[in-house]
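Here the structure comes first, spelled out in structure tokens, and everything after it is commentary.
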Amino acid sequence: MNKKIAFFPGSFDPFTKGHEDIVLRALEIFDEVIIGIGHNTNKNRYFSIEKMTVWIEQTFVGKPVKVVAYNNLTATVAQEMNANFLLRGLRNTTDFEYENSISQVNRYLVKGLETVFLITSPHLAPISSTIIRDLHRYGTNVDEFLPYTLE
Numbered sequence: 001m002n003k004k005i006a007f008f009p010g011s012f013d014p015f016t017k018g019h020e021d022i023v024l025r026a027l028e029i030f031d032e033v034i035i036g037i038g039h040n041t042n043k044n045r046y047f048s049i050e051k052m053t054v055w056i057e058q059t060f061v062g063k064p065v066k067v068v069a070y071n072n073l074t075a076t077v078a079q080e081m082n083a084n085f086l087l088r089g090l091r092n093t094t095d096f097e098y099e100n101s102i103s104q105v106n107r108y109l110v111k112g113l114e115t116v117f118l119i120t121s122p123h124l125a126p127i128s129s130t131i132i133r134d135l136h137r138y139g140t141n142v143d144e145f146l147p148y149t150l151e
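Read in UniProt numbering, the sequence shown has 9 at position 9, and its numbers run on one by one without any break.
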């Protein structure tokens, strides 16, 4: 029987409790979740990929979750990782419009690669990495929004 592997791509700068919620719920559906931290050439990272990788790995110790950094097309990396699904979280209809277009292109690039959307739990929907970065940048403690503690 083929394992159901989901590839969860993003910049995860930082990885939030909203992201954690999506992964934990996905583990009820999939055998394994691979979290892919992508290099986005249009963004300068606030937290290093190396630190984020360690923090995410610590969050999911003992669970069938892997973390990889990548610098390629998401669909290509998912295929290389033997993932049959892309996993995406949706907070609102704006997210859906954007993610729907990307899912169509990914399916064109890799035949049979399905995108699965999970709706963010309502109490976590207002959390975004951008807001957390801004709060942290100006000295606000953001621990309540993250599944790990910043060092």
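Note that beta-carbon positions come from the ideal geometry of N, C-alpha and C, so glycine has one too. Being a predicted model, the structure only gives us computed values, none of them experimental.
Bridge partners - residue i, DSSP secondary structure assignment
i, result
"Y70", "G38"
"T7", "At residue 7 the sequence reads Phe, which differs from the Thr that was named. Paired residues: I34, L86."
Distance, residue j Cα to residue i Cα
i, j, result
"R91", "A125", "5 Å"
"I5", "Y138", "38 Å"
"N72", "E50", "17 Å"
"E28", "N42", "34 Å"
"V67", "F8", "9 Å"
"I131", "E80", "33 Å"
"F96", "I102", "10 Å"
Run of the alpha helix (DSSP H) containing residue i, from where it starts to where it stops
i, result
"F60", "Taken as a continuous stretch (DSSP letters only), F60 belongs to no alpha helix (DSSP H), as it is neither H nor E."
"L24", "17 to 26"
"H123", "Careful: H123 lies outside any alpha helix (DSSP H) and carries neither H nor E."
"R137", "129 to 137"
"F47", "Careful: F47 lies outside any alpha helix (DSSP H) and carries neither H nor E."
"F96", "93 to 109"
Sequence-distant residues of its chain with Cβ nearer than 6 Å to residue i (five each side left out)
i, result
"V116", "F85, L87"
"V23", "V33"
Range covered by the beta strand (DSSP E) that runs through residue i
i, result
"V116", "114 to 119"
Identity of the residue in the options nearest residue i by Cα
i, options, result
"E144", "D31, F15, Q104, G89", "F15"
"S128", "K3, E20, A75, A26", "E20"
"P147", "F60, G36, I34", "F60"
"I56", "G10, I131, I119", "G10"
"I34", "T53, N44, K17, I119", "T53"
"A83", "D31, N141, L150", "D31"
"A78", "I37, P64, T120, E97", "I37"
"K3", "P64, P122, T149, S103", "P64"
"residue 168", "T93, N44, T140, S121", "Look at the range of the chain in this structure, 1 to 151, and you will see that residue 168 is not part of it."
Cβ shell of residue i (< 7 Å), same chain only, five flanking positions each side left out
i, result
"A75", "N106, L109, V110, L113"
"residue 172", "Nothing can be reported for residue 172: it is not among the residues displayed for the chain, which extend from 1 to 151."
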